[in-house]
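One structure is given below, encoded as structure tokens.
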Amino acid sequence: SSGINAEYAFQYAQDHGRKNIVALHKANIMKMSDGMFLEQCREVAARYPEINYREMYLDSACLKIVSDPSKFDVMLMPNLYGDIFSDLTAGLIGGLGLAPSGNMGKDGIAIYEAVHGTADDLVEANKGNPTALLMSGLMMLRHMGLKSQADKIEAAVLETLTERKVITGDIGGTATNPEYA
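Next up, the structure:
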């Protein structure tokens, strides 16, 4: 499966004009599993010479993305590291309530959801931030080829966040979920 994920990442980079991929790993500790992951990444990278491929320890990447996120473009890592890393990067933008997520599969099959899942306890209290779910929906619309519709919704979401009049408590406001939506 690492080879399939690597192929997807490189194809994504190529299709979207991205020039850099970094594979995150802990092969110094997880010698067999992460070692096989890196072998498969290197095999795929050899077929995409126009894309700069590099490898970085996960812990080093965590430090570097906090200090300068502009140094990263497409990131490739095993699922566990992706889960950890997505929580870290969500913190950089304001929290899990803002972080969308997409899981891409073969043959165009994809699932989109908020990184934090459904957050049922917050939703029941009308305190949930729907931004992550809205942004995940935008990813889905773009995946379906509905870019103009996604762009309109995204503009409305970004305007709402920028105005800061109706935002939820997790990002400094007092609005309830229904008020935000």
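In my numbering, each residue's number is its place in the sequence shown (first place is 1) plus 14.
Even glycine gets a Cβ: it sits at the ideal position worked out from N, Cα and C.
Because the structure is a prediction, the values reported are computed rather than measured.
Residue j beta carbon less than 9 Å from that of residue i
i, j, result
"L52", "E69", "yes"
"N42", "Y71", "yes"
"T145", "L102", "no"
"N143", "D82", "no"
"Y126", "N140", "no"
"K33", "I79", "no"
"T190", "T182", "yes"
Where residue i sits in the DSSP three-state scheme
i, result
"T145", "helix"
"Y95", "helix"
"R56", "helix"
"Y194", "helix"
"A75", "helix"
"N19", "helix"
"Y26", "helix"
"L37", "At residue 37 the sequence reads Ala, which differs from the Leu that was named. In this structure, A37 counts as strand in the three-state DSSP scheme."
"M50", "helix"
Own chain partners of residue i with C-beta closer than 8 Å, once the 5 adjacent residues on each side are dropped
i, result
"N167", "For the record, residue 167 in the displayed sequence is Ile; it is not Asn. Closer than 8 Å at Cβ, skipping near neighbours: L148, G151, L152, L155."
"A75", "V36, L38, F86, M89, F99"
"Y62", "F24, A27, Q28"
"R178", "G186, G187"
"V180", "T174, G187, A189, E193, Y194"
"D48", "H39, K40, A41, P92"
Anticipated Cβ contact below 8 Å, residue i with residue j, distance rounded
i, j, result
"C55", "A20", "5 Å"
"S16", "M44", "Not quite, the Cβ-Cβ distance comes to about 12 Å (not below 8 Å), so this is no contact."
Neighbourhood of residue i by C-beta, 6 Å cutoff - its chain only, sequence neighbours within 5 removed
i, result
"A195", "P144"
"P114", "A146, M149, S150, M153"
Contacting residues, own chain, Cβ-Cβ under 7 Å from residue i (five flanking each side not counted)
i, result
"G108", "I185"
"A164", "L152, L155, R156"
"V58", "G17, A20, E21, F24"
"A104", "L110, L112, A113, V129"
Kindly provide the ranges of any alpha helix (DSSP H) runs that are 4 or more residues long and lie completely inside the segment 111-190, ordered along the chain. 134-138, 145-157, 161-177
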